[in-house]
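Student: If you count the sequence shown from 1, you need to add 15 to reach our numbering. Heads up, the beta-carbon is just placed ideally off N, CA and C, and yes, glycines get one too. Dropping the structure in here first, questions after.
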Amino acid sequence: MFDQMMRYGSMRRASLAVLGAALLCCAGTVGAGHAASPGQSPWSKQTNSEVRLVSSTLQEDGAPVRYAGVQLRMEGGWKTYWRNPGDSGVPPSFDWSGSKNVKNIDVLYPVPHRFADANGTAIGYDDQVVFPVKVTPEQPDKPVQLALTFDYGICKDLCIPNSVNLDAVLPADLGKGDARLIGQARASVPGPADDETLPRLGTVTANQEGPEPSLEVEALFAPGATNTDLFVTSEELLVPVPKALGPLKDGRQRFSIVFPTVEEADAIKGKPLNFTLVSDQGSSETVRIQP
């Protein structure tokens with residue numbers, strides 16, 4: 016899995032490089048204004064943003080787990096993207112291939128929101144986002160040396176790609192560190208849904224007739240839930256942004272995912288899709304294979 020993540024990061028950097036040839040790109044340098052605490056990297060100033068690594072030990076099922084966090088701050092009015100950026104933009108890329116004493120790294124995504132841009136609807140974050148990173152060492156009693164190449168786009172009146180290299184050492188006795196910051200980000204990551212979870216996925220129906228084939232999705236939310244939404248991702252394909260077919264009624268809401276061509280609709284057959292349901296009252300994720 017770790018090798019797959021390394022290859023995925025390399026592919027994403029290649030796509031970002033193409034975008035950078037057409038758009039304004041500014042490579043930042045690591046700022047030396049303040050010394051980093053143990054388990055942190057210094058802030059790195061980028062275009063209208065700054066980035067650093069943070070870390071902590073969190074408890075999961077009664078056992079200590081080492082976590083890092085990629086903390087991105089943006090200037091007012093600027094936004095960055097989720098793993099499915101929507102109608103435009105570039106998803107973030109995390110390349111950890113230079114890290115040492117790492118068995119596995121799992122980057123998690125907090126709940127995003129949709130926002131309008133010049134090209135339609137984008138999905139992502141504004142102001143600040145912390146991506147929690149679960150780190151599994153090869154040797155748990157040894158320090159972990161993290162080396163990250165982080166590629167991300169930010170958007171306001173135009174979209175700008177950024178690339179930054181960050182390094183941090185996570186000692187075996189890391190302690191609480193940035194526990195509050197990472198814990199809050201970890202709590203905002205959608206968890207897996209079960210038969211009792213709200214929100215949860217209902218039926219998914221394929222409509223293949225006509226020039227614009229679609230998926231119609233039924234979502235179940237808590238009665239009276241607010242700011243309900245649905246986002247869908249695939250590891251292999253870019254899935255169009257869902258559109259609500261009406262308001263929440265009796266705890267149910269329907270969404271439509273319209274594909275531009277029959278070929279794009281056919282391409283999702285047999286592929287696992289990750290359905291992320293969000294609301295002010297909670298969020299969840301469900302992976303389902305579309306037959």
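1) Less than 7 Å between C-beta atoms, sequence neighbours within five positions excluded: which residues of the same chain meet that for P228?
2) Does the beta-carbon of E300 have 16 or more other beta-carbons within 10 angstroms, so that it is buried, or is it exposed?
3) Could you check the C-alpha separation between N177 and G92 for me, to the nearest Å?
4) Quick check on Q154: buried or exposed, where buried means 16 or more other Cβ atoms within 10 Å of its Cβ?
5) Of all the alpha helix (DSSP H) runs that stay within the bounds of the stretch 137-197, which reach a length of 4 or more residues?
6) Have a look at G48 and F246 and give me their C-alpha separation to the nearest angstrom.
7) In the DSSP assignment, find the unbroken alpha helix (DSSP H) run with D281 in it and report its ends.
8) Residues in the same chain with beta-carbon distance under 8 Å from T72, minus the five sequence neighbours each way, listed in chain order, please.
9) Can you round the beta-carbon distance between P127 and V204 to whole angstroms, since I take them to be within the 8 Å contact cut?
10) Helix, strand or coil for V45? Go by DSSP, reduced to three states.
11) At the level of alpha carbons, what is the spacing between D244 and L288?
12) Is V159 near L185, with beta carbons less than 9 Å apart?
13) Going straight from the alpha carbon of V219 to that of A183, what length do you get?
14) Specify the secondary structure class of P287 as computed by DSSP and reduced to three states.
15) Could you compute how far the alpha carbon of A162 sits from the alpha carbon of S114?
16) How big is the Cα-Cα spacing for K94 and K171?
17) Is it buried or exposed, V302, if we count other Cβ atoms within 10 angstroms and call 16 or more buried?
Tutor: In this structure, then:
1) By 1-based counting over the sequence shown, the position of residue 228 is 213. Taken in chain order, the residues that qualify are N222, F274, V277, A280.
2) What you label residue 300 is simply residue 285 of the sequence shown in a count that begins at 1. E300 is buried by the Cβ-count criterion.
3) Within the sequence shown, the letter at position 162 stands for residue 177. Within the sequence shown, the letter at position 77 stands for residue 92. N177 and G92: Cα-Cα distance of roughly 17 Å.
4) By one-based count along the sequence shown, residue 154 stands at place 139. So Q154 ends up on the exposed side.
5) none
6) The residue labelled residue 48 in the question sits at position 33 within the sequence shown. The residue labelled residue 246 in the question sits at position 231 within the sequence shown. Reliability of the predicted coordinates at G48 is poor, the pLDDT of 41 falling under 50, and the value obtained from them is presented with this limitation in mind. Approximately 39 Å, taken between the alpha carbons.
7) Along the sequence shown, read from residue 1 onward, the residue named residue 281 stands at position 266. Looking at the DSSP string, the run of the alpha helix (DSSP H) that includes D281 is 277-282.
8) Residue mapping note: residue 72 aligns to position 57 of the sequence shown, counting from 1. For T72, where only same-chain residues beyond five positions count, the Cβ hits under 8 Å are P79, V80, R81, Y82, L189, G190, K191, G192, A194.
9) Here residue 127 refers to the residue found at position 112 when the sequence shown is read from its first residue. Here residue 204 refers to the residue found at position 189 when the sequence shown is read from its first residue. So it is not a contact: roughly 11 Å between Cβ atoms.
10) To locate residue 45, count along the sequence shown from 1; it is residue 30. Any reading at V45 must be qualified, since the residue scores a pLDDT of 40, below 50, and its modelled position is unreliable; no value is offered.
11) Here residue 244 refers to the residue found at position 229 of the sequence shown. Here residue 288 refers to the residue found at position 273 of the sequence shown. So the alpha carbons of these two residues sit roughly 16 Å apart.
12) Position 144 of the sequence shown, counting from 1, holds the residue named residue 159. Position 170 of the sequence shown, counting from 1, holds the residue named residue 185. In contact: V159 and L185 (Cβ atoms closer than 9 Å).
13) As a position in the sequence shown, residue 219 is number 204, starting the count at 1. As a position in the sequence shown, residue 183 is number 168, starting the count at 1. Between V219 and A183, the C-alpha separation is close to 43 Å.
14) Sequence index remark: in the sequence shown, residue 287 carries index 272 (1-based). Strand, per DSSP.
15) Your numbering for residue 162 matches position 147 in the sequence shown. Your numbering for residue 114 matches position 99 in the sequence shown. C-alpha separation (whole angstroms): 5 Å.
16) Here residue 94 is taken as the residue at index 79 of the sequence shown, counted from 1. Here residue 171 is taken as the residue at index 156 of the sequence shown, counted from 1. Cα-Cα distance, rounded: 7 Å.
17) Taking the sequence shown and counting its residues from 1, one reaches residue 302 at position 287. Around the beta-carbon of V302, fewer than 16 other beta-carbon atoms lie within 10 Å, marking it exposed.
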